[in-house]
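Chemist: Residue numbers (the working numbering): 260 to 367. Every residue, glycine too, gets a C-beta built ideally from N, C-alpha and C. Small disclaimer: the values here were computed from a predicted structure and weren't measured.
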Amino acid sequence: MNGYLIPANANRGKLIFGFFRPIDLIVFGSGIGLTLILLLIFQNSLSSGAVALGVLAPVLITGFLVLPVPNQHNIMVVIGNIYRFYFVDRRKFVWKGWCCLDGKEDEQ
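Dropping the structure here:
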């Protein structure tokens, strides 16, 4: 039958550093790159808190997206799964059987 038992952490060997997919590092790297560019542009006005937060926003947002989550891969995967569940693959399940009245009241 050739049924092999695969351990739960077998896919971690395919990931970079055991946590990241290549797209995760690309997204986070682009956030770091954009933040560095913004730091160079706004270096004279970083004393303002709003400007400093705006400059750091790309790295904070992309860092949050690649943050690992239990029972999922990361926040990006969770958001993608939620989007697919509610907007792309939404199915209507019709429940029938001995415990369902099919929307009609019992006329007895």
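Could you tell me the distance, in whole angstroms, from the CA atom of Leu312 to the CA atom of Leu274?
Modeler: Translated into positions along the sequence shown, residue 312 becomes position 53. Translated into positions along the sequence shown, residue 274 becomes position 15. Cα to Cα, the separation comes out at about 31 Å.
Chemist: Residues in its own chain within less than 6 Å of Val318 by CB, not counting five upstream and five downstream?
Modeler: Position 59 of the sequence shown, counting from 1, holds the residue named residue 318. Result list for Val318: Gly290, Ile291, Thr294, in chain order.
Chemist: From what residue to what residue does the alpha helix (DSSP H) around Ser304 run?
Modeler: Residue 304 sits at position 45 when you count from the first residue of the sequence shown. Unbroken run through Ser304: none, as it is neither H nor E.
Chemist: Using the rule of at least 16 other Cβ atoms within 10 Å of the residue's Cβ for burial, across every protein chain shown, is Asn333 buried or exposed?
Modeler: Residue mapping note: residue 333 aligns to position 74 of the sequence shown, counting from 1. Its Cβ being crowded by 16 or more others within 10 Å, Asn333 is buried.
Chemist: State whether the stretch 338-352 contacts the stretch 300-307, with contact taken as three or more CB pairs (one from each stretch) at a distance under 8 Å.
Modeler: In short, these stretches do not touch, since the Cβ pair count stays below three.
Chemist: Is the distance from the Cβ of Leu326 to the Cβ of Val286 below 9 Å?
Modeler: Within the sequence shown, the letter at position 67 stands for residue 326. Within the sequence shown, the letter at position 27 stands for residue 286. No; because the gap between Cβ atoms is not below 9 Å, this pair is not in contact.
Chemist: Looking only at its chain, what residues have a beta carbon closer than 7 Å to the beta carbon of Leu284, apart from the 5 residues adjacent to it on each side?
Modeler: On the sequence shown, residue 284 is found 25 positions in, with the first residue counted as 1. The answer, listed in chain order, is Ile275.
Chemist: Output the distance between the C-alpha atoms of Gly322 and Gly288, rounded to the nearest integer angstrom.
Modeler: Numbered from 1 along the sequence shown, position 63 holds the residue referred to as residue 322. Numbered from 1 along the sequence shown, position 29 holds the residue referred to as residue 288. Distance between the alpha carbons of Gly322 and Gly288 is about 9 Å.
Chemist: Is Val314 buried or exposed, if buried means 16 or more other CB atoms sit within 10 Å of its CB?
Modeler: By 1-based counting over the sequence shown, the position of residue 314 is 55. Its Cβ being crowded by 16 or more others within 10 Å, Val314 is buried.
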